[in-house]
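**Student:** Residue numbers (my numbering): 2 to 344.
Ideal Cβ positions, reconstructed from N, Cα and C, are used throughout, including at glycine.
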Amino acid sequence: MSKQLNDRKAEHIQIVLEEQVTGNTITTGLEHYHFIHNALPELAFDDIQIEQAFFTKLCKTPFLISSMTGGANFAETINRNLALAAEQRGWALALGSTRALIESEAYRQSFDLREYAPTIPIIANLGAVQLNYGFSATECRKIIDYTDADALVLHLNILQEVIQPEGNTNFSSLLPKIEKLCTDLSIPVGIKEVGWGIDRSTAEKLLEVGISFIDVAGAGGTSWSQVERFRTDPVKQQAAAAFSEWGIPTASSVELVKPTMDEKILIASGGLHTGVDAAKCFALGADFVGFGRSILEEATVSVESVLQTMEIRELELRMAMFAVGAQNLTELQQTERLQKTTP
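Following this line, the structure appears as structure tokens:
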């Protein structure tokens with residue numbers, strides 16, 4: 002089992018870095034939004050604040066490293082680089098799927114990151130479907146204890162599981178199990194998609210059973226059915242190709258889910274590349290913004306490469322805030338300077 006897990010995770014890293022794993026026409030939808038420039042913001046650039054609280058922890062930035070990898074040899078290096086950089090810049094860090102942590106001891110070290118990131122939020126991650134395949138609060142507590150996580154996110158990846166050769170596809174009756182998990186665990190439990198977005202009715206159902214945060218992970222970035230297309234048989238390869246443009250664009254998903262969130266944390270991710278993308282997401286109502294594949298290549302190189310990219314994203318966000326006259330994230334979330342252009 003440990004070798005199979007390592008091989009799959011290693012293949013995922015290689016495919017995401019080297020292959021075309023995005024759709025050809027589907028986008029995040031953020032290109033349809035534009036800020037009205039404020040030539041006189043009546044602000045000092047140095048006074049712009051981008052701190053944001055993730056539950057009980059105040060982060061220097063409202064940025065999140067999205068769940069990417071773990072459970073493979075090379076993943077340990079990637080995750081260590083990400084953790085060290087996230088700690089220095091004050092980004093939250095979401096782990097890759099920690100199922101491997103329970104099923105094999107061989108690559109647990111790739112998830113043991115708290116020593117590199119003692120102060121930032123760390124979010125453990127598990128496929129929600131695993132609640133139908135033997136995982137319960139007991140296994141989740143082991144994951145939380147090992148990773149010293151501040152929160153647990155359950156990912157929804159139905160199309161990936163169908164195409165994946167090792168896929169688990171029984172997504173029936175998960176809501177009651179999610180509700181029980183929210184009750185049984187002592188830390189916040191959230192939900193994230195993996196690149197196809199979340200709609201309003203799904204968000205409402207999840208919030209009703211006790212979910213504390215939602216990461217929409219919308220379409221426009223990596224498509225995991227396209228990732229698995231490189232690993233599967235010819236029939237599933239053809240079927241996966243039909244879903245290359247599938248999903249709810251990130252901007253649309255944020256708009257759909259935001260009205261349901263009340264005081265819950267909303268994370269926008271999926272195909273985001275710049276701090277201007279992030280600024281648009283905050284103006285649409287997000288509380289945090291996640292970057293994944295757009296920071297992965299740097300993580301394979303060095304901590305310094307990751308740090309430079311992080312610094313660029315932060316500067317871009319602060320420049321966008323300066324150019325619309327928003328001194329802090331609350332003002333950016335309330336700005337009336339984001340307009341949707343008519344196609």
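Please state if the CB of GLY291 and the CB of ILE27 are separated by a distance shorter than 8 angstroms.
**Tutor:** Going by C-beta atoms, ILE27 is not nearer than 8 angstroms to GLY291.
**Student:** Count the C-beta pairs between the stretch 167 to 176 and the stretch 188 to 201 that are closer than 8 angstroms, then say yes if the count reaches three, no if not.
**Tutor:** No: fewer than three Cβ pairs fall under 8 angstroms.
**Student:** Have a look at HIS13 and GLY219 and give me their C-alpha separation to the nearest angstrom.
**Tutor:** Approximately 19 angstroms between the Cα atoms of the pair.
**Student:** May I have the straight-line CA-CA distance separating GLU140 from ILE103, to the nearest angstrom?
**Tutor:** Each residue's Cα considered, the two are about 7 angstroms apart.
**Student:** Short of 8 angstroms in beta carbon distance, which residues of its chain neighbour THR342, apart from the five on each side in sequence? Order them along the chain.
**Tutor:** Result list for THR342: HIS33, TYR34 and HIS35, in chain order.
**Student:** Distance check for LEU83 and MET69, CA to CA, integer angstroms please.
**Tutor:** Rounded to the nearest angstrom, the two C-alpha atoms are 10 angstroms apart.
**Student:** From the DSSP output, read off the bridge partner residues of CYS60.
**Tutor:** Per DSSP, GLN53.
**Student:** Give the C-beta separation of ALA279 and LEU330 to the nearest angstrom, bearing in mind that I take them to be a contact with Cβ-Cβ under 8 angstroms.
**Tutor:** With 8 angstroms as the limit, ALA279 and LEU330 do not qualify as a contact, their Cβ atoms being about 10 angstroms apart.
**Student:** By a C-beta neighbour count over all protein chains shown, 10 Å radius and 16 as the cutoff for buried, is GLU205 buried or exposed?
**Tutor:** Exposed, because fewer than 16 other Cβ atoms sit within 10 Å of the Cβ of GLU205.
**Student:** Runs of 3 residues minimum, wholly inside the stretch 218 to 270: which ones carry the beta strand (DSSP E) assignment?
**Tutor:** Complete beta strand (DSSP E) runs here, min 3: 266 to 269.
**Student:** Between the stretch 257 to 270 and the stretch 197 to 213, do three or more beta carbon pairs fall short of 8 angstroms?
**Tutor:** A contact exists between the stretch 257 to 270 and the stretch 197 to 213.
**Student:** Let me make sure I understand the geometry here. Which of LEU182, ASP216 and ILE188 has the alpha-carbon closest to that of TRP197?
**Tutor:** Cα-wise, what sits closest to TRP197 is ASP216.
**Student:** Which residues mark the beginning and the end of the alpha helix (DSSP H) in which GLU317 is found?
**Tutor:** From DSSP, the alpha helix (DSSP H) with GLU317 extends over 304 to 325.
**Student:** Quick one: using the 10 Å Cβ neighbour count with 16 as the cut-off for buried, is ALA242 buried or exposed?
**Tutor:** Per the 10 Å Cβ criterion, exposed.
**Student:** What separation, rounded to the nearest whole angstrom, lies between the Cα atoms of LEU182 and VAL154?
**Tutor:** Using only the alpha carbons, I get a separation of about 11 angstroms.
**Student:** In whole angstroms, what is the alpha-carbon distance linking GLN53 and LYS61?
**Tutor:** Using only the alpha carbons, I get a separation of about 7 angstroms.
**Student:** Use the C-beta contact count for TYR108: other C-beta atoms within 10 angstroms, 16 or more gives buried, fewer gives exposed.
**Tutor:** With 16 or more Cβ atoms within 10 Å of its Cβ, TYR108 is classed as buried.
**Student:** Does the stretch 127 to 137 come within contact of the stretch 77 to 95, defined as at least 3 CB pairs closer than 8 angstroms?
**Tutor:** Result no; under three Cβ-Cβ pairs closer than 8 angstroms.
**Student:** Could you tell me if ASN25 is buried or exposed, where buried requires 16 or more neighbouring beta carbons within 10 angstroms of its beta carbon?
**Tutor:** It is exposed - the Cβ of ASN25 has fewer than 16 other Cβ atoms within 10 Å.
**Student:** Identify every run of the beta strand (DSSP E) within the stretch 182 to 214, keeping only runs that are complete inside it and at least 3 residues long; order them along the chain.
**Tutor:** DSSP runs (the beta strand (DSSP E)) wholly in the stretch 182 to 214: 190 to 194.
**Student:** Go ahead and pull the three-state DSSP assignment for ILE79.
**Tutor:** Helix, per DSSP.
**Student:** Within 10 angstroms of its Cβ, does HIS38 collect 16 or more other Cβ (buried), or is it exposed?
**Tutor:** Exposed is the call here.
**Student:** For the beta strand (DSSP E) that contains GLY291, what are its first and last residues?
**Tutor:** Where GLY291 is concerned, the enclosing beta strand (DSSP E) stretches over 289 to 292.
**Student:** Answer with buried or exposed for ILE313, where buried requires no fewer than 16 other C-beta atoms within 10 angstroms of its C-beta.
**Tutor:** That one is exposed.
**Student:** Would the beta-carbon of GLY221 fall within 8 angstroms of that of ARG294?
**Tutor:** No. Outside cutoff.
**Student:** Let's test the definition: count the other Cβ atoms within 10 Å of the Cβ of PHE64 and tell me whether it reaches 16, buried, or not, exposed.
**Tutor:** The residue in question, PHE64, is buried, as its Cβ has 16 or more Cβ neighbours within 10 Å.
**Student:** What ranges does the alpha helix (DSSP H) occupy inside the stretch 122 to 148, keeping only unbroken runs of at least 4 residues that lie completely in it?
**Tutor:** Here the runs fully enclosed are 138 to 148.
**Student:** Got a sec, what are the start and stop residues for the beta strand (DSSP E) GLY97 sits in?
**Tutor:** Its beta strand (DSSP E) spans residues 93 to 98.
**Student:** Can you tell me whether DSSP reads GLN340 as helix, strand or coil?
**Tutor:** Here GLN340 sits in strand by DSSP.
**Student:** Which one of THR275, GLN161, ARG230 and THR301 has the shortest CA to CA distance from LEU18?
**Tutor:** Per the Cα distances, THR301.
**Student:** Between ILE179, SER306 and ILE199, which has its C-alpha nearest ILE212's C-alpha?
**Tutor:** Selected option, being the one with the closest Cα: ILE179.
**Student:** How about GLN328 and ASP47: are their beta carbons less than 8 angstroms apart?
**Tutor:** Not a contact, by the Cβ cut-off of 8 angstroms.
**Student:** If we ignore side chains and look at the alpha-carbon of each, how far apart do ILE16 and VAL228 end up?
**Tutor:** Rounded to the nearest angstrom, the two C-alpha atoms are 6 angstroms apart.
**Student:** Nearest-angstrom Cα distance between THR233 and LEU333?
**Tutor:** Their Cα atoms are separated by approximately 44 angstroms.
**Student:** Which residue's Cα is closest to the Cα of THR336: GLN309, GLU315 and CYS282?
**Tutor:** Nearest C-alpha to THR336: CYS282.
**Student:** Does DSSP put PHE283 in a helix, in a strand, or in coil?
**Tutor:** Helix.
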